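One structure below.
Residue numbers (the numbering used here), protein chains in the order written: chain U, 73 to 245; chain Z, 367 to 464.
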């Protein structure tokens, strides 16, 4: 399980490397999907199944819109993959950086386990993350209302941004 | 620094560097922002588990709501620039500043 978790962590970092090395958005979206799936699996094996489920369903579901935009609005005839020279040199640069940082910080990893904790799991019938999220509807109710207000405000901001050519905040000059 | 902490820190810094250096599309910058938000979500969730503070696990949910706001405003900006400035290359936005 430890090696499996380590592999998932490597997958998370590799997905972000694939996003960061500036390929076409078409491929960067794929890297982000890989990173989100790996992050979800990391959360699941470290003992937060509800948060992992939320990440997988809501984050990936919301990101579907971004993926649709990235295939629609940035439609190059020849999108740059990771094997293009300009992308690949940045990929190699980021990978070298990650490996160097891992060598620097990872001197004591063999004594540290992977750092996976499966805490908050003893003698409970409800896992800790689900119990904590439930508290959002009780004592954390103010933050829930605040979040709903922020989302409503965002709706009006978005409506104002895409209002029109001559009336919106972004105009052709 | 354990491997878990190292990996989400690295993921956040990678997203930040990708956002900073050499963007061509506005959408690539948005994807890097989403990656940073993903790293923050994983970090907050693992923080909850490591400190064993149960009530803190509402914080990743709230972060997710705010990241939904960020993504929607970014996409709205993308649509607005696509309408006014044509294709959404970031270099094209520099020459059109007023």
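Heads up, the beta-carbon is just placed ideally off N, CA and C, and yes, glycines get one too.
Quantities reported herein were computed from a predicted structural model and do not represent experimental measurements.
| Asked | Found |
| --- | --- |
| Between the stretch 197-225 of chain U and chain Z, which residues of the former have CB atoms less than 7 angstroms from a CB of the latter, in chain order? | 200, 201, 203, 204, 205, 207, 208, 212, 215, 219, 222, 223 |
| Is the distance from the Cβ of residue 396 (chain Z) to the Cβ of residue 429 (chain Z) below 8 angstroms? | no |
| Could you confirm whether any beta carbon from chain U is found closer than 8 angstroms to the beta carbon of residue 406 (chain Z)? | no |
| Please go through the same chain and pick out, in chain order, the residues whose beta-carbon is closer than 6 angstroms to the beta-carbon of residue 208 (chain U), but skip the five residues on each side of it. | 216 |
| Would you mind reading off the limits of the alpha helix (DSSP H) that contains residue 135 (chain U)? | 132-144 |
| If you draw a straight line from the C-alpha of residue 413 (chain Z) to the C-alpha of residue 119 (chain U), how long is it? | 12 angstroms |
| Is the Cβ of residue 399 (chain Z) closer than 8 angstroms to any Cβ of chain U? | no |
| Within 10 angstroms of its Cβ, does residue 176 (chain U) collect 16 or more other Cβ (buried), or is it exposed? | exposed |
| With a threshold of 7 angstroms on Cβ separation, who are the neighbours of residue 94 (chain U) within its own chain once the five nearest residues in sequence on each side are excluded? | 159, 162 |
| Would you list, in chain order, the members of the stretch 167-182 of chain U that have their beta-carbon closer than 8 angstroms to a beta-carbon of chain Z? | 170, 173, 174, 177, 178, 181 |
| Compare the beta carbon distance of residue 411 (chain Z) and residue 97 (chain U) with 8 angstroms and say whether it is the shorter of the two. | no |
| Buried or exposed: which applies to residue 427 (chain Z), given that a residue is buried once 16 or more other Cβ atoms fall within 10 Å of its Cβ? | buried |
| For residue 420 (chain Z) and residue 103 (chain U), which I take to be in contact (beta-carbon distance under 8 angstroms), what is that distance rounded to the nearest angstrom? | Not quite, the Cβ-Cβ distance comes to about 33 angstroms (not below 8 angstroms), so this is no contact. |
| Report the neighbours of residue 92 (chain U) on chain Z: residues whose CB is nearer than 7 angstroms to its CB, in chain order. | 380, 381, 383, 384, 398 |
| Is there a Cβ from chain Z that is less than 8 angstroms from the Cβ of residue 160 (chain U)? | no |
| Measuring only between beta-carbons, confirm whether residue 78 (chain U) sits less than 8 angstroms from chain Z. | yes |
| From this set, U:101, U:74, U:106, which residue's C-alpha is nearest residue 85 (chain U)'s C-alpha? | U:106 |
| Smallest Cα separation from residue 144 (chain U): which of Z:439, Z:437, Z:374, Z:445? | Z:445 |
| CA-CA distance, residue 441 (chain Z) and residue 241 (chain U)? | 15 angstroms |
| Please confirm whether residue 75 (chain U) has its beta-carbon closer than 8 angstroms to some beta-carbon of chain Z. | no |
| Can you give me the C-alpha to C-alpha distance between residue 140 (chain U) and residue 180 (chain U), rounded to a whole angstrom? | 43 angstroms |
| Determine the chain Z residues that contact residue 89 (chain U) at a beta-carbon separation under 7 angstroms, and present them in chain order. | 380 |
| Pull up the distance between the alpha-carbon of residue 211 (chain U) and that of residue 154 (chain U), whole angstroms please. | 48 angstroms |
| I'd like the list of long-range same chain contacts for residue 409 (chain Z), defined as Cβ closer than 6 angstroms, with 5 residues on each side in sequence excluded. | 374 |
| Check for me: the alpha helix (DSSP H) holding residue 121 (chain U) runs from which residue to which? | 121-126 |
| How about residue 143 (chain U): is its C-beta nearer than 8 angstroms to some C-beta of chain Z? | no |
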